[in-house]
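Working notes for the structure below.
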Amino acid sequence: MSMLELRVVGMVVPESVAQVIKTLQASGYEAYLVGGAVRDLLLGLAPKDWDVVTSALPEAVCALFPHVLLTGVRFGTVTVIEGGCPVEVTTYRAEGRYNGHYPGEIRFGVTLEEDLSRRDFTINAIAYDPIVGIFVDPCRGMGDLLGERAVIRFVGFPAERIAEDPLRILRTFYMQARLDAAGKKNYVSASSLAAIVDILSDRPEIFDSISAERIRDELNKILLGPDPRRYFSCMLASGVLDLILPEVVNLHDVAQGKRHCLDAFGHTMLVLNHVPSELHLRWAALLHDIGKALTLTVGADGEIHFYGHEHVGAEMAGRVLERLRFPVQFRERVVHVIKQHMFQRPATRAGFRRLARRCGGYLDDVLALKRADILGSGNPATDTRAFDEFVSELFGVLSENPPLGYRELAVDGHDVMEALGIGSGPPVGQALDFLIECVIDDPSLNRPEVLLKLLKERFM
Ligand code: ATP
Ligand code: MG
21 MSMLELRVVG MVVPESVAQV IKTLQASGYE AYLVGGAVRD LLLGLAPKDW DVVTSALPEA
81 VCALFPHVLL TGVRFGTVTV IEGGCPVEVT TYRAEGRYNG HYPGEIRFGV TLEEDLSRRD
141 FTINAIAYDP IVGIFVDPCR GMGDLLGERA VIRFVGFPAE RIAEDPLRIL RTFYMQARLD
201 AAGKKNYVSA SSLAAIVDIL SDRPEIFDSI SAERIRDELN KILLGPDPRR YFSCMLASGV
261 LDLILPEVVN LHDVAQGKRH CLDAFGHTML VLNHVPSELH LRWAALLHDI GKALTLTVGA
321 DGEIHFYGHE HVGAEMAGRV LERLRFPVQF RERVVHVIKQ HMFQRPATRA GFRRLARRCG
381 GYLDDVLALK RADILGSGNP ATDTRAFDEF VSELFGVLSE NPPLGYRELA VDGHDVMEAL
441 GIGSGPPVGQ ALDFLIECVI DDPSLNRPEV LLKLLKERFM
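If you want the numbering used here, it's the position in the sequence shown, counting the first as 1, plus 20.
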């Protein structure tokens, strides 16, 4: 047998996952932990999910465990819930070309070796038996994973593997992120990278068949990595970014004027690295300046301006996120943050309150993006001291709980209707907006008798 077998101590597999493997083996089937879980354990990372492969057919797996979800029986996968832990159990399979979401022509009844050889990267094609402590590694993933620098290398012929499922191109960059997360130096093998570049320049249309949801999910994982600037720069260089996020690629070579040392793409990459690793912030950072390519003007003095780019960019960002099938709430959050990111430090306490009202529940997000935007100037002398001082002043003002919205006003719509003798309708909203402006200017006015007096003076 050409398999590499190793005994390793110290791989901690949760009891419930080991139990699933034990149960399958006790019934005479082969069963191994496989994929990202093995890779992550070897890297010292906590796996995101647990994948087990087995020689048992899905019906046999279902018969062995009391709690099973039929998550993908057609593809040989069921989810066994063992001790509260979901374990994806998949029958050894060989598969054909992906058709958007799913692999076509699945064949069961193959060997473990064949199953491992259909996987994307050698580092994801290692099987581990936690009961006896044996690895099965026909693709030599251990060497690629554990060498001084990890190698991201397709299993088999890269061009074929990419053609079967072009999403594997994006998974290459996710592997960079995953290895970085473990603090493991890494690179993409030259032949894998060359195949990516070749196929994208010869047959860019192959990406059209990939569903937006799969692209979105992989991009999300890439964005949450420790150094998204690196992955996005690699994606740009490979040509894949052109196909999935042309709006971001268009920032390349958009000069930003005398005070900036980076083009808009380089700046975006720095901002991306400076926002905290939260999905909505990473997306807001990635898309925050996409309006710049469309709003660039050069003034009489030769200086470059991007008037209104935050509004143009927010609208474009909404469309990008819709194209990638993000839920409405997520889209709205990112769009709102982008729209508000260009504020100037207000000069007055009323200005602080007005800013807080404009940002609403997304104030923290807007401040996080703004701070990263400052750090992303590319100028090493940039610091955020003044900004941080402003933020603590802002929170000082807000800690007084000033009225910022209808709910905090000392009067409501009914009071307004009664005072002005009007029925419900848009004028009530206008009156309330007027009162909000008054109390934002001076919170001490927020008393019913004062507000009603102001209303009558203004509207009667
Ligand atoms: P994550 O950290 O997000 O869990 P992962 O590498 O474990 O990443 P999964 O989606 O959990 O990815 O898939 C488990 C395993 O299935 C992978 O490690 C790999 O062996 C295989 N796999 C996943 N996607 C593909 C693909 N598109 N082509 C081939 N094999 C794949
Ligand atoms: Mg996984």
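Just so you know, even glycine gets a beta-carbon here, dropped at the ideal spot from N, CA and C.
(message) With a threshold of 8 Å, are at least 3 pairs of Cβ atoms found where one atom belongs to the segment 382-398 and the other to the segment 298-306?
(response) Touching, per the Cβ criterion.
(request) List the residues that DSSP assigns as beta-bridge partners of leucine 290. (result) Taking the first residue of the sequence shown as position 1, residue 290 is located at position 270. In DSSP, leucine 290 forms no bridge with anything.
(request) Go ahead and label proline 78 buried or exposed: buried means 16 or more other beta carbons lie within 10 angstroms of its beta carbon, across all protein chains shown. (result) Walking along the sequence shown from the start, residue 78 turns up at place 58. Proline 78 should be labelled buried.
(message) Does chain D have any CB closer than 9 Å to the CB of leucine 282?
(response) As a matter of chain content, chain D is missing from the structure shown, which is built from one protein chain.
(request) May I ask whether a heavy atom of the ligand ATP can be found less than 8 Å away from the beta carbon of asparagine 293? (result) To locate residue 293, count along the sequence shown from 1; it is residue 273. Distances from the CB of asparagine 293 to the heavy atoms of the ligand ATP are all 8 Å or more.
(request) Might you give, ordered along the chain, the residues of its own chain that have their beta carbon closer than 8 Å to the beta carbon of asparagine 270, omitting 5 neighbours on each side? (result) Translated into the one-based positions of the sequence shown, residue 270 becomes position 250. Excluding sequence positions up to five before and after asparagine 270, its CB lies within less than 8 Å of the CB of Ile310, Ala313, all in the same chain and listed in chain order.
(request) Run the CB neighbour count on serine 212, radius 10 Å, all protein chains shown included, and call it buried at 16 or more, exposed below. (result) In the sequence shown, residue 212 corresponds to position 192, counting from 1. With a 10 Å radius around the Cβ and a threshold of 16 neighbouring Cβ atoms, serine 212 comes out buried.
(request) Answer yes or no: the CB of arginine 160 versus the heavy atoms of the ligand ATP, is any distance below 8 Å? (result) For the purposes of this step, residue 160 is taken as residue 140 along the sequence shown, with counting starting at 1. No.
(message) As a quick exercise: from Leu132, Glu477, Ser412, pick the residue whose alpha carbon is nearest that of tyrosine 148.
(response) Position 128 of the sequence shown, counted from the first residue, corresponds to residue 148. The candidate whose alpha carbon is nearest that of tyrosine 148 is Leu132.
(message) For the ligand ATP, I want to know if leucine 187 counts as a neighbour, meaning its beta carbon is within less than 8 Å of at least one of the ligand's heavy atoms.
(response) Looking up residue 187 in the sequence shown gives position 167. Checking every heavy atom of the ligand ATP against the Cβ of leucine 187, one is found closer than 8 Å.
(request) Report all residues from its chain with a CB closer than 7 Å to the CB of alanine 7; omit the five preceding and five following residues, and keep chain order. (result) Not covered by the structure: residue 7. The range shown for the chain is 21 to 480.
(request) Verify the contact flag: alanine 57, CB atom, against every heavy atom of the ligand MG, threshold strictly below 8 Å. (result) As a working note, residue 57 is residue 37 in the sequence shown. The answer is yes for alanine 57.
(message) My output table needs one value for glutamate 102: the three-state DSSP class, helix, strand or coil.
(response) Mapped onto the sequence shown, residue 102 falls at position 82. Strand.
(request) Starting from the C-beta of proline 186, find all residues in its chain whose C-beta is less than 7 Å away, skip the five residues before and the five after it, and write them out in chain order. (result) Position 166 of the sequence shown, counted from the start, is the residue given in the question as residue 186. In chain order, Ile226, Phe227, Ile230 place their CB closer than 7 Å to the CB of proline 186, counting only its own chain and leaving out the 5 sequence neighbours on each side.
(request) Please classify aspartate 403: does DSSP put it in a helix, a strand, or coil? (result) Within the sequence shown, the letter at position 383 stands for residue 403. DSSP places aspartate 403 in the coil class of the three-state scheme, outside both helix and strand.
(message) For the ligand MG, is there any heavy atom lying closer than 8 Å to the beta carbon of aspartate 135?
(response) Residue mapping note: residue 135 aligns to position 115 of the sequence shown, counting from 1. Checking the Cβ of aspartate 135 against the ligand MG gives no.
(message) Taking only three categories from DSSP, how would you classify leucine 26?
(response) The residue given as residue 26 occupies position 6 in the sequence shown. Residue confidence for leucine 26 is low, a pLDDT of 43 falling below 50, so the modelled location carries little weight; the figure read from the coordinates is stated next. In the three-state DSSP reduction, leucine 26 falls in the strand class (E or B).
(request) Kindly examine the ligand ATP and report whether one of its heavy atoms sits closer than 8 Å to the Cβ of arginine 345. (result) Within the sequence shown, numbered from 1, the residue matching residue 345 stands at position 325. Outside the cutoff, so no.
(request) Note down, in chain order, each residue of its chain lying with its Cβ closer than 7 Å to the Cβ of tyrosine 251, except the 5 sequence neighbours on either side. (result) Taking the first residue of the sequence shown as 1, we reach residue 251 at position 231. The beta carbon of tyrosine 251 is closer than 7 Å to those of Phe193, Gln196, Ala197, Ile242, Gly245 in its chain, skipping five residues each way along the sequence.
(request) Hey, could you find the ends of the beta strand (DSSP E) leucine 89 is sitting in? (result) Locating residue 89 in the sequence shown gives position 69, counting from the first residue. Boundaries of the beta strand (DSSP E) around leucine 89: 88-92.
(request) Return yes when the C-beta of lysine 68 is under 8 Å from any heavy atom of the ligand MG, and no when it is not. (result) Walking along the sequence shown from the start, residue 68 turns up at place 48. Yes, since a heavy atom of the ligand MG falls inside the 8 Å radius drawn around the Cβ of lysine 68.
(message) Suppose the cutoff is 6 Å on Cβ atoms and the five residues either side in sequence are ignored; what does the same chain contact list for alanine 214 look like?
(response) Residue mapping note: residue 214 aligns to position 194 of the sequence shown, counting from 1. So no residue of the chain qualifies.
(request) Could you please give me the residues that DSSP links to isoleucine 172 through a beta bridge? (result) Residue mapping note: residue 172 aligns to position 152 of the sequence shown, counting from 1. Residue pairing for isoleucine 172: DSSP places it in a beta bridge opposite Val208.
(message) Can you look up glutamate 108 in the DSSP assignment and give me helix, strand or coil?
(response) Translated into the one-based positions of the sequence shown, residue 108 becomes position 88. Judged by DSSP in its simplified three-state form, glutamate 108 adopts strand.
(message) As a quick exercise: from Arg353, Val355, Val318, Ala406, pick the residue whose alpha carbon is nearest that of tyrosine 364.
(response) Within the sequence shown, numbered from 1, the residue matching residue 364 stands at position 344. The sequence shown places glutamine at residue 364, rather than the tyrosine named in the question. When only C-alpha atoms are compared, the closest one is Ala406.
(request) Decide if the segment 216-226 is in contact with the segment 178-185; the criterion is three or more beta carbon pairs, one per stretch, under 8 Å apart. (result) The segment 178-185 and the segment 216-226 touch, with three or more beta-carbon pairs separated by less than 8 Å.
(request) State the Cα-Cα distance for the pair valine 274 and asparagine 144, rounded to the nearest angstrom. (result) Residue mapping note: residue 274 aligns to position 254 of the sequence shown, counting from 1. Residue mapping note: residue 144 aligns to position 124 of the sequence shown, counting from 1. Here the alpha carbons of asparagine 144 and valine 274 stand approximately 39 Å from one another.
(request) Kindly examine the ligand SAM and report whether one of its heavy atoms sits closer than 8 Å to the Cβ of alanine 145. (result) The model on display carries the ligand ATP and the ligand MG but not the ligand SAM.
(message) Since proline 463 and aspartate 435 should fall inside the 8 Å C-beta cutoff, what is the C-beta to C-beta distance between them, to a whole number of angstroms?
(response) Against the sequence shown, residue 463 aligns to sequence position 443. Against the sequence shown, residue 435 aligns to sequence position 415. Contact flag wrong, Cβ pair sits at about 18 Å.
(message) For aspartate 393 and alanine 451, I'd like the C-alpha separation in whole angstroms.
(response) Residue numbering aside, residue 393 sits at position 373 when the sequence shown is read from its first letter. Residue numbering aside, residue 451 sits at position 431 when the sequence shown is read from its first letter. Pairing aspartate 393 with alanine 451, the inter-Cα distance amounts to about 37 Å.
(request) Report the three-state DSSP secondary structure of tyrosine 327 (helix, strand or coil). (result) Here residue 327 refers to the residue found at position 307 of the sequence shown. Coil at tyrosine 327, not helix or strand.
(message) Comparing C-alpha positions only, which one of Lys205, Ser419, Asn399, Gly328 sits nearest to aspartate 283?
(response) On the sequence shown, position 263 is the one that residue 283 refers to. By alpha-carbon distance to aspartate 283, the top candidate from Lys205, Ser419, Asn399, Gly328 is Asn399.
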